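Notes follow the structure.
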Amino acid sequence: MTAGPIEDLRAVVGDTHVLTDDDAMVGHLTDWTGRWTGTADAVVRPRTTDEVAAVVRLCAERGVAICIQGGNTGLVGGSVPPTDRPAGPLIILSTARMTDVDEVDVVGRCVGAQAGATIDAIDSRAQRDGLMFPVDLASRESATAGGVVATNAGGVRMIRHGNTRGQVLGIEAVLADGRVLRRWTSLVKDNVGYDLPGLLTGSEGTLAVITRVLFRLVAPPAATIVTVAAVDHVENIFGVLDAFAARGLRVEAAEVMTESGLQLVHEHGARRPVDTESPFYALIEVSGTGDVEAVVVDVLDGAPVTDAALEPGPARALWAVRERHTESISRSTTTPVVKLDVSVPIRALPEAMAELAAVAGMVDHPCRPVLFGHVGDGNIHVNLLDVPEDQAESVTGHVFGIVAANGGSISAEHGIGRAKVPWTHLGRSDVDLSSMRAIKDAWDPHGLLNPGVLFG
Ligand code: FAD
Ligand code: MLT
Ligand code: ZN
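Add 1 to a position in the sequence shown, counting from 1, and you land on the number used in the numbering used here.
And the structure:
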C-alpha cells in the first residue's frame, strides 16, 4: 500500500495504533488453529466508534479492503486475511482497544459493551450485579462481544439460553461507507421493520463492523450439580437427560466426550473424572431447588451409566476435562487439525458419530479422530488429527457428505469463514445463496469487508 492511506490512518487513530512492523503484526496474521495465514499492509486499532467510522470511510474512499478481527479465536479462518490475497491494499481492523463495558441495567437486565470487550469481562460485570451473561465458551478470556455476535456463537449454555442471536437486544455498527447504524433499545417487543441486529448476528464481518452490542442478561441458577457420566452408547445420554427433566431438574449444559478425547486431555494435565474407560462420557450440569444432588444420584443409580463423578457447580475440575479438548488437540496434532463443527438431528446423532469417527480410516496416513461437542444441541466437533495437508480437503468432503446425508448442517456454531466456502451449497439452495449474495452486495457494494469470507 502507498504511504498515503497509512499516514492518513495514523492521523485517525494515532501513530502507535497503526502497526506495520512484521513483528508487531505477526500475531494478527495467523488464526487460532494455525491453518490460515495471510498478509496485510497494516493492523489498525481504533478506540471508539467515531474512529472506526473514520477508518472505514477512509478505506472506502481509497479502495482499501478491511479484515475485521476481534479476539482471533475463530476456528474457520474468518478473522485473518486471505492467503491468496486479492490485488489491492488491505488492513486488519482490530477491536483490541475497544474494551469498555457499561454499567449493568439491573431492572432491564441488560448491559452494553464495546465490540472488543471479552466474554469474561462482560460476565464479570454482570456477576457484580448478581446476573449472568448467557453466552459462555472455553475461549471466554479472549473471544469478544463483536466476535460472538459476528459468528452467532453457540457455546456450552446454548441448550438453556439459546445462541448469541437470542441475547442481542441492540447493536451499533459502522456500515461499509462509514455511516453508523444504531439500533439500541432494551425493549423486548419492537417490530418496526427488518431485524437488522439479527441480520448482523452471524454475518461474519461481511456486512458491517460491529462497534457496540446491547446484550440481554439472565439470573444465574440457584444451585447446580455437574456430573461426568460414563456410558456405552450416545443414546444413553438422552435417557439420562430425559430422566433429569422428569424429576424436575433443569438442564444447564449437556456435553459429550469420547475415550480418545479424555485420554488426550489427561495426557495434557487434566485429571480423569472417572477411572472406568468407556466409549462415551456425558458432562451434564443441572439446576433445581431442594436437594439437587440427591436427585442426581438417584437418577444416575437407575440409569445405564457405568461410572460417574459429581460435584456442586461451578465444578471447575470437571469442566476443565471438557474445556481443554480444543487446546490439547491443537498441541498434539502434527499437522493443523481438520476441525469441523457440524450438527445433525438428535435422532441421527448416534449413527452419525460412528460414521464421522470412521472417516479417519479413509485417510492414506494414520490419523486420529477426536469427537466431542454439545450433545444436547446435536452439535458435534469433529477433529481429525495428523491429516496430511494435501488430504485435508478430501477428508472435509467426506465429513460433510455424511452430515448432509443425515440432514445436518456443515456449520453448527463456528460459521463458514474461509474454511467452508466451497461447501455452502450443501446447506443452502441456490435461491437462498443468491439472496444472501444480494444482501452482501447491497450492504458492501465494493466487497471491501472481509473479502473471501462466507462467499468465494
Ligand atoms: P474473531 O476470531 O476475531 O473473529 C471471528 C469472526 O468474526 C471473523 O469473521 C471476524 O471478521 C468477525 N468479527 C470479529 N469481530 C467483529 C466485529 N466487531 N464486527 C464484525 N465482525 C467481527 N465457538 C462457539 O460457537 N462455541 C464454542 O463453544 C466455542 N468454544 C471455543 C473454545 C476455544 C478454546 C476456542 C479457541 C474457540 C472456541 N469457539 C467457540 C470459537 C470462537 O471462540 C468463537 O467463534 C468466537 O465467537 C470468536 O470470537 P473472537 O472475538 O475471537 O472473533
Ligand atoms: C468447543 O465447544 O469447545 C468449541 O466449539 C471449540 C472446538 O470446536 O474446538
Ligand atoms: Zn463448541
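Just so it is clear, CB atoms sit at the ideal spot from N, CA and C, and this is done for glycine as well.
Bear in mind the structure is a predicted one, so any value in this text is a computation, not a measurement.
May I ask which residues mark the beginning and end of the alpha helix (DSSP H) holding Gly374?
Along the sequence shown, read from residue 1 onward, the residue named residue 374 stands at position 373. Careful: Gly374 lies outside any alpha helix (DSSP H), inside the beta strand (DSSP E) at 369-375.
Using the beta-carbon count (16 or more within 10 Å), is Lys190 buried or exposed?
To locate residue 190, count along the sequence shown from 1; it is residue 189. That one is exposed.
Relative to the alpha-carbon of Asp292, which residue among Pro274, Ile67, Ala223 has its alpha-carbon at the smallest distance?
By 1-based counting over the sequence shown, the position of residue 292 is 291. Asp292 has its Cα closest to that of Ala223, out of Pro274, Ile67, Ala223.
Along the chain, where does the beta strand (DSSP E) containing Thr327 start, and where does it finish?
Within the sequence shown, residue 327 is the residue found at index 326, counting from 1. Thr327 -> not in any beta strand (DSSP E); alpha helix (DSSP H) instead, spanning 326-333.
Which same chain residues end up closer than 7 Å to Val266 when comparing Cβ atoms and leaving out the 5 residues on each side of it in sequence?
Counting from one through the sequence shown, the residue named residue 266 turns up at place 265. Only Val322, Arg325, His326, Ser329 meet the Cβ criterion.
For Val355, count neighbouring Cβ atoms within 10 angstroms of its own Cβ and tell me buried if that reaches 16, exposed if not.
On the sequence shown, position 354 is the one that residue 355 refers to. The question names Val, yet the displayed sequence has Ala at residue 355. Per the 10 Å Cβ criterion, exposed.
For the alpha helix (DSSP H) that contains Met489, what are its first and last residues?
With the chain covering only 2 through 457, there is no way to say anything about residue 489.
Flag this pair as yes or no: are the beta carbons of Ala358 and Thr212 separated by less than 9 Å?
Within the sequence shown, the letter at position 357 stands for residue 358. Within the sequence shown, the letter at position 211 stands for residue 212. Their beta carbons are not under 9 Å apart, which means Ala358 does not touch Thr212 by this criterion.
Straight-line CA distance for Arg509 to Val169?
Limits of the chain in this structure are 2 at one end and 457 at the other, which puts residue 509 out of reach.
With distances taken between CB atoms, is the gap from Phe373 to Gly262 smaller than 9 Å?
As a working mapping, residue 373 is identified with position 372 in the sequence shown. As a working mapping, residue 262 is identified with position 261 in the sequence shown. Yes, they are a contact pair.
Could you give the uninterrupted runs of the alpha helix (DSSP H) lying entirely in the region 258-284, keeping only those of 4 residues or more?
With a minimum length of 4 residues, the continuous alpha helix (DSSP H) runs that stay inside the region 258-284 are 260-268.
Per DSSP, what kind of secondary structure is Arg126 in: helix, strand or coil?
Translated into the one-based positions of the sequence shown, residue 126 becomes position 125. Arg126: helix per DSSP, three-state reduction.
How is Thr202 classed by DSSP in three states: helix, strand or coil?
Looking up residue 202 in the sequence shown gives position 201. Thr202 falls in the coil class under three-state DSSP.
According to DSSP, His382 sits in a beta bridge with which residue or residues?
Residue numbering aside, residue 382 sits at position 381 when the sequence shown is read from its first letter. Paired residues: Asp342, Phe373.
Let me check you understand the geometry: is the CB of Asp342 closer than 8 Å to at least one non-hydrogen atom of the ligand MLT?
On the sequence shown, position 341 is the one that residue 342 refers to. Yes, the ligand MLT has a heavy atom inside 8 Å of this Cβ.
How would you call Glu52, buried or exposed, if buried means at least 16 neighbouring beta carbons within 10 angstroms?
On the sequence shown, position 51 is the one that residue 52 refers to. Flag for Glu52 reads buried.
For Leu94, which option in Gln128, Gly131, Ala54 has the closest C-alpha, if you only look at C-alpha atoms?
The count along the sequence shown starts at 1 and reaches residue 94 at position 93. Minimum Cα distance to Leu94 is reached at Ala54.
For Val107, count neighbouring C-beta atoms within 10 Å of its own C-beta (all shown protein chains included) and say buried if the count is 16 or more, exposed if not.
Here residue 107 is taken as the residue at index 106 of the sequence shown, counted from 1. Its Cβ having fewer than 16 others within 10 Å, Val107 is exposed.
According to DSSP, simplified to helix, strand and coil, what is Ile411?
To locate residue 411, count along the sequence shown from 1; it is residue 410. Here Ile411 sits in coil by DSSP.
Distance, Cα to Cα, Ile417 vs Thr152?
By 1-based counting over the sequence shown, the position of residue 417 is 416. By 1-based counting over the sequence shown, the position of residue 152 is 151. If you take the alpha carbons of Ile417 and Thr152, they lie about 9 Å apart.
Could you tell me which uninterrupted alpha helix (DSSP H) segments, each at least 4 residues in length, are contained entirely in the region 55-143, listed from first to last along the chain?
List check, alpha helix (DSSP H) in window: 120-129.
Any heavy atom of the ligand MLT closer than 8 Å to the beta-carbon of Ala255?
The residue you call residue 255 lines up with position 254 of the sequence shown. No, the Cβ of Ala255 stays beyond 8 Å of every heavy atom of the ligand MLT.
What did DSSP end up calling Ala41 once you bin it into helix, strand or coil?
What you label residue 41 is simply residue 40 of the sequence shown in a count that begins at 1. Residue state, collapsed to three classes: coil.
Considering only residues of the same chain and omitting the five flanking positions on each side of Gly353, which have a CB-CB separation below 8 Å?
For the purposes of this step, residue 353 is taken as the residue at position 352 of the sequence shown. Residue identity differs from the one stated: residue 353 is Ala in this sequence, not Gly. So the list reads Val345, Ile381, Ile403, Val404, Asn407, Gly409, once near-sequence residues are dropped.
State the start and end residues of the unbroken beta strand (DSSP E) segment that holds Val169.
Working through the sequence shown from its first residue, we reach residue 169 at position 168. That run of the beta strand (DSSP E) goes 169-176.
Return the first residue and the last residue of the alpha helix (DSSP H) that Ile238 is part of.
The count along the sequence shown starts at 1 and reaches residue 238 at position 237. From DSSP, the alpha helix (DSSP H) with Ile238 extends over 235-247.
Does the distance from the CB of Val229 to the CB of Pro274 come in under 9 Å?
Stepping through the sequence shown from its first residue, residue 229 is reached at position 228. Stepping through the sequence shown from its first residue, residue 274 is reached at position 273. Yes. Within cutoff.
Just reading off the alpha helix (DSSP H) that Ile160 is part of, what are its end residues?
By one-based count along the sequence shown, residue 160 stands at place 159. Per DSSP, Ile160 belongs to the alpha helix (DSSP H) from 159-162.
Could you give the DSSP three-state label for Asp308: helix, strand or coil?
Start at 1 with the first residue of the sequence shown, and residue 308 comes out as number 307. In this structure, Asp308 counts as strand in the three-state DSSP scheme.
Indicate whether Arg183 and Glu173 have their beta-carbon atoms separated by less than 9 Å.
As a first step, residue 183 is located in the sequence shown; it is residue number 182 there, counting from the start. As a first step, residue 173 is located in the sequence shown; it is residue number 172 there, counting from the start. Yes, Cβ-Cβ distance for Arg183 and Glu173 is below 9 Å.
Counting pairs of Cβ atoms below 8 Å between the region 126-134 and the region 205-219, do you hit three or more?
Counting Cβ pairs under 8 Å, three or more are found: they touch.
Give the DSSP-derived three-state secondary structure of Thr1 in the structure shown.
Because the chain in this structure spans residues 2 to 457, residue 1 falls outside the shown range and cannot be described.
In the DSSP output, which residue or residues are listed as bridge partners for Phe216?
Taking the sequence shown and counting its residues from 1, one reaches residue 216 at position 215. In the DSSP output, where bridge partners are listed per residue, Phe216 has Val112, Val169.
In its own chain, which residues sit with a C-beta less than 6 Å from the C-beta of Thr21, not counting the 5 before and 5 after it?
Translated into the one-based positions of the sequence shown, residue 21 becomes position 20. So the qualifying residues of the chain are Ala43.
According to DSSP, is Leu10 helix, strand or coil?
Translated into positions along the sequence shown, residue 10 becomes position 9. Helix at Leu10.
Between Val57 and Val175, how many whole angstroms is the CB-CB distance? I'm expecting something under 8 Å.
Looking up residue 57 in the sequence shown gives position 56. Looking up residue 175 in the sequence shown gives position 174. Their Cβ separation, rounded to whole angstroms, is 5 Å, which keeps Val57 and Val175 in contact under 8 Å.
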